[in-house]
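Visitor: Numbers given in the numbering used here equal positions in the sequence shown, counted from 1, plus 24.
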Amino acid sequence: MHWTEHKAFQPSITAAKWVLSVCVSYQLAVLTWLIIDQPVVVLPEASQGQADMVAMPQSYGLAQRDIFGSAAQTALIPQQEIDAPKTRLRLLLMGVFVATDKTQSSAIIAEQGRDGKFFKVGDRVQGRALLSQVYEDKVILDNSGKFETLTFAETKKALQGITANTRKIGSASQPRPSSRSNKKEFKQALRGVRTAEQFVGFAKQQLEDPQQAMENLGLQATGDGYVLTPSSTMLMSIGMKPGDKLISVNGYQLGNPEQDKSIIDEVYASGSARIVIERGSRRMTINHAF
Numbered sequence: 025m026h027w028t029e030h031k032a033f034q035p036s037i038t039a040a041k042w043v044l045s046v047c048v049s050y051q052l053a054v055l056t057w058l059i060i061d062q063p064v065v066v067l068p069e070a071s072q073g074q075a076d077m078v079a080m081p082q083s084y085g086l087a088q089r090d091i092f093g094s095a096a097q098t099a100l101i102p103q104q105e106i107d108a109p110k111t112r113l114r115l116l117l118m119g120v121f122v123a124t125d126k127t128q129s130s131a132i133i134a135e136q137g138r139d140g141k142f143f144k145v146g147d148r149v150q151g152r153a154l155l156s157q158v159y160e161d162k163v164i165l166d167n168s169g170k171f172e173t174l175t176f177a178e179t180k181k182a183l184q185g186i187t188a189n190t191r192k193i194g195s196a197s198q199p200r201p202s203s204r205s206n207k208k209e210f211k212q213a214l215r216g217v218r219t220a221e222q223f224v225g226f227a228k229q230q231l232e233d234p235q236q237a238m239e240n241l242g243l244q245a246t247g248d249g250y251v252l253t254p255s256s257t258m259l260m261s262i263g264m265k266p267g268d269k270l271i272s273v274n275g276y277q278l279g280n281p282e283q284d285k286s287i288i289d290e291v292y293a294s295g296s297a298r299i300v301i302e303r304g305s306r307r308m309t310i311n312h313a314f
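Right under this line is the structure:
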C-alpha cells in the first residue's frame, strides 16, 4: 500500500505493524497467547528432580499483577546503580518493567531451555539468587550476597540461535487468517505465529484491511505514540490498560506515521527491537531479537 495513494489509511497501517510486533515479541519471549483465554500463565511442569532442587515462585496471570508497579507507593527509595560482573547463571532476561518506585519494578526471566516467569524485586529467581534491581537494559541479581548482572545481550544471542533453528524446521507453515477476520479469528491466527517469517506473512494479510486491523487491535494513533483504547481487550489481557502508550522502538519516537513507516525496515534489519511502553510516569521495555 503506497503512502501517496492511501495516506488516510497510513496511521492504521503503521500502528498495526508496531502492535503486531509487540505481540510477536511477547510470544518469542515466552509470554504466550494462552493468557488471552486463560486467567493464569500455563507453564510446563518441572521434573521431580528439578522440583526437589529449586522451588520456583507462583506465576500468576500478568493481567492480575501490577507489572508497572503500584501507583499507591509515594515514598520513593533512591536506587544506587551497582557495577557488578555478568552472572554465570544460565538465565535469559526476556523483559523488564521499570516502575517509578524502584522497589516495585519487575522482570521476566527464564532459565535456558524453559519458559519465562514473572519476578518482582526481592523474589527468588534461581537457587539463592534474588532479583535485586531492575533497569531498562539489565537486572541485578543478589546471588548469596554477591551482586551479578544479567543483560539483554546474552538473551539476544540465545534467541538468534533459536530463531535460526526454527527457520530451518518450521518456516513452511504460515497462518492463513481470513481477509475479513473478526477479533476471534485474529486472536487464533496470531497465536499460531512462531517465527519472524510467519509474522511477516500474517502482518501482510492483516494489513490488506487496515481499518479492520485497527479495530482488532484497539489502537489510536497520536502525535507522540499509539494509545490503547478501551476496545483493546487482547492487549489488556496481557497486563496493558486503556491509555497505555507505545512510545518508542530502538530509540525512535513513535507517533509520526510517515516517519514510522520509514524506520520499520531499518529496525528489522538491525536484528532486534527494543520497544518501550509508557503508563503515566512508568515504563516497560520489551527486548526482542529477530
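We put the beta carbon where it would ideally sit given N, CA and C, even for glycine.
Do you know offhand how far M308's Cα is from K265's?
Guide: Their Cα atoms are separated by approximately 13 Å.
Visitor: Assuming A131 contacts F171 (C-beta within less than 8 Å), just tell me the rounded distance between them.
Guide: Not really, about 15 Å apart at Cβ, beyond 8 Å.
Visitor: List the whole-angstrom C-beta distance separating A123 from R298, where the pair is believed to meet the contact cut-off of C-beta under 8 Å.
Guide: That belief does not hold up - the Cβ atoms of A123 and R298 are roughly 18 Å apart, past 8 Å.
Visitor: With DSSP run on the structure shown, which of helix, strand or coil describes A245?
Guide: Reduced to three states, the DSSP call for A245 is strand.
Visitor: DSSP three-state label for V291, please.
Guide: Of the three classes helix, strand and coil, the one that applies to V291 here is helix, per DSSP.
Visitor: Among the candidates L115, E302, V145 and V273, whose CA atom is the shortest distance from the CA of K126?
Guide: K126 has its Cα closest to that of V145, out of L115, E302, V145 and V273.
Visitor: Measure from the alpha carbon of Q136 to the alpha carbon of each residue in T111, L115, E290 and G247, then state which is nearest.
Guide: Per the Cα distances, L115.
Visitor: Once DSSP output is grouped into helix, strand and coil, what is the label at K170?
Guide: It is a strand residue.
Visitor: For E290, tell me which candidate among N274, E302 and F143 has the shortest Cα-Cα distance.
Guide: Out of N274, E302 and F143, N274 has the C-alpha closest to the C-alpha of E290.
Visitor: So, with DSSP's three-state summary, where would you put K126?
Guide: Of the three classes helix, strand and coil, the one that applies to K126 here is helix, per DSSP.
Visitor: By the DSSP assignment, the beta strand (DSSP E) with S156 in it spans what residues?
Guide: Note, S156: beta strand (DSSP E), A153 to V158.
Visitor: Using 8 Å as the threshold, is the C-beta distance between D166 and S156 below it?
Guide: Closer than 8 Å, so yes.
Visitor: For E105, which three-state DSSP category applies?
Guide: It is coil, neither helix nor strand.
Visitor: Run through the DSSP bridge pairs and tell me what G146 is partnered with.
Guide: None; G146 has no bridge partner.
Visitor: Taking the CB atoms as reference points, tell me whether V163 and V120 lie closer together than 8 Å.
Guide: Yes, Cβ-Cβ distance for V163 and V120 is below 8 Å.
Visitor: Among residues of its own chain, excluding the 5 on either side of I106, which ones have a beta-carbon nearer than 6 Å to its beta-carbon?
Guide: These residues qualify, in order along the chain: I164 and F171.
Visitor: Which residues mark the beginning and the end of the beta strand (DSSP E) in which L278 is found?
Guide: Segment: none, L278 is in no beta strand (DSSP E) and carries neither H nor E.
Visitor: Within 10 Å of its beta-carbon, does Q128 have 16 or more other beta-carbons around it, so buried, or fewer, so exposed?
Guide: By the neighbour-count rule (16 or more Cβ atoms within 10 Å), Q128 is buried.
Visitor: Could you spell out where the beta strand (DSSP E) holding R112 opens and where it closes?
Guide: Unbroken run through R112: none, as it is neither H nor E.
Visitor: Just the C-alpha distance for D161 and P254, rounded to the nearest angstrom, thanks.
Guide: In a straight line, the C-alpha of D161 is about 30 Å away from that of P254.
Visitor: Measure the Cβ-Cβ separation of T246 and T173 and say whether it is below 8 Å.
Guide: Going by C-beta atoms, T246 is not nearer than 8 Å to T173.
Visitor: Can you say whether A153 is buried or exposed, counting buried as having 16 or more other CB atoms within 10 angstroms of its CB?
Guide: With 16 or more other Cβ atoms within 10 Å, it is buried.
Visitor: Could you give the distance in angstroms between the alpha-carbon of G279 and the alpha-carbon of Y159?
Guide: C-alpha separation (whole angstroms): 25 Å.
Visitor: Just to confirm my understanding: we take S327, look at its own chain, exclude 5 residues before and 5 after, and list those with CB closer than 7 Å. What are they?
Guide: Missing from the structure shown is residue 327; the chain here goes from 25 to 314 and no further.
Visitor: With DSSP as the reference, identify every bridge partner of I133, one or two as the case may be.
Guide: Answer by DSSP bridge pairing, in chain order: L117 and K141.
Visitor: Name the DSSP bridge partner or partners of S272?
Guide: Answer is Q277 and V300, bridged to S272.
Visitor: DSSP has M253 in a bridge; who is on the other side?
Guide: Here the sequence assigns Thr to residue 253, which means Met is not the residue at that position. DSSP, once it has assigned bridges, lists no residue as partnering T253.
Visitor: Can you check DSSP and say which residues form a bridge with H162?
Guide: In the sequence as displayed, the identity of residue 162 is Lys instead of His. Answer is T175, bridged to K162.
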